[in-house]
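The opening position of the sequence shown corresponds to residue 188 in the numbering used here, with each subsequent residue numbered one higher.
These notes concern the structure reproduced below.
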Amino acid sequence: MAALTEHSTLPLPRFDAPVRLLIVVAPYYRAIADALIAGARRTAEAAGASVDLVEVPGALEIPAAVAMAGRLANYDGFVALGCVIRGETTHYDTVCNDSSRGLTLLGLQGLCLGNGILTVETMEQAVVRADPEGQDKGGGAAAAALHLIALKRRWAGAGRAGAPGRDDRPDVIRLAEALDGVSDAEGRA
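Here's what the structure looks like:
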């Protein structure tokens, strides 16, 4: 059982410059969402990060909200939170797979994010995983985002990323701007 497995966690990174995180949460199961948020906020605070929060209707909307914020807002990283509990139909599989796939693709495009969307069989499993004093999956998702931000900043400072003339924004963001007709001449940040 998972209870017998030892887990290791990295210490939180330290930052020289402020860090802004956006928590995107689907509060379908409000008590679970609130526990995940509490854990994520506590971890962000421990690292000195500031946090904003937005709610979306469900787990499938989380990747879209993260993508929009990555394109239109000024956040260093993102924390995806929610809970999907298996029901009687295959909808569970669709929601789990597609929300995870969407977040993975955003991460591969360069967004720093932690995935704290619980995918469980029962409410009891969700409670254990969400509890900030238990498995603290919300805190773990925030820690993942913070570690990726630290890596991105370290590598950006190494000279390769951010070099003059280099566009380090994720391809999905550049594509979306091209579709919207935004250009360098229009003063993109």
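For every residue, glycine included, the Cβ atom is placed at its ideal position computed from N, Cα and C.
Being a predicted model, the structure only gives us computed values, none of them experimental.
Got a sec? Which residues, its chain only, sit under 6 Å from residue i by beta carbon, not counting five neighbours each side?
i	result
R273	Y279 and E308
A337	P200
Can you list, in chain order, the residues of its chain with a C-beta nearer than 8 Å to that of residue i? Leave out the 5 residues immediately preceding and following it.
i	result
A256	L209, V211, V241, Y262 and F265
D239	R207, L208, L209, I210 and Y262
Kindly identify the DSSP beta-bridge partner or partners of residue i.
i	result
V212	E242 and L268
I304	G269
S237	R207
Looking at C-alpha atoms only, which residue of the options is the closest neighbour of residue i?
i	options	result
E232	K339, A252, V206 and I304	V206
L168	V282, L298, A329 and R288	Outside the shown range of the chain (188 to 376) lies residue 168, about which nothing can therefore be said.
V314	L290, L333 and A222	A222
T192	L333, Q322 and A345	Q322
Please classify residue i: is it buried, with 16 or more other beta-carbons within 10 angstroms of its beta-carbon, or exposed?
i	result
D285	exposed
T306	buried
P244	exposed
G289	buried
By Cβ distance below 7 Å, which residues in the same chain neighbour residue i in space, the five residues on each side in sequence not counted?
i	result
A331	G301
G326	G226, A227, R229, T230 and P319
Open item on the list: If we require 4 or more residues per run, which alpha helix (DSSP H) segments fall completely within the segment 241 to 267?
Closed with: 249 to 259
- [ ] Just list the alpha helix (DSSP H) runs in the segment 304 to 346, keeping only unbroken ones of 4 residues or longer that don't cross its boundaries, in chain order.
- [x] 310 to 317 and 324 to 343
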